[in-house]
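Residue numbers (the working numbering): 295 to 378.
Right, dumping it as structure tokens:
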């Protein structure tokens, strides 16, 4: 979470650094280096990362369709949605 305010609410520093080594929690160079700068400034982000929503089959039986949407693959792997 690289923003200090979301919907007018303060985001605590601990949320930013929760998955980083404890000794790096105040190391701003380390924290900023975690960003993939090329990916974050890609002018064709959607073209390069968009995945069509994948309907989750089990939800149709319940009378609705749950669609998982993820914009891109993580290191070449599509880890967030499943195909049925």
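For every residue, glycine included, the Cβ atom is placed at its ideal position computed from N, Cα and C.
In the DSSP assignment, residue 330 falls outside any beta strand (DSSP E), carrying neither H nor E. Look at residue 323 here: in three-state DSSP terms it is helix. Here residue 304 is bridged, per DSSP, to 299. Under the DSSP assignment, residue 341 falls in the alpha helix (DSSP H) whose first and last residues are 339-343.
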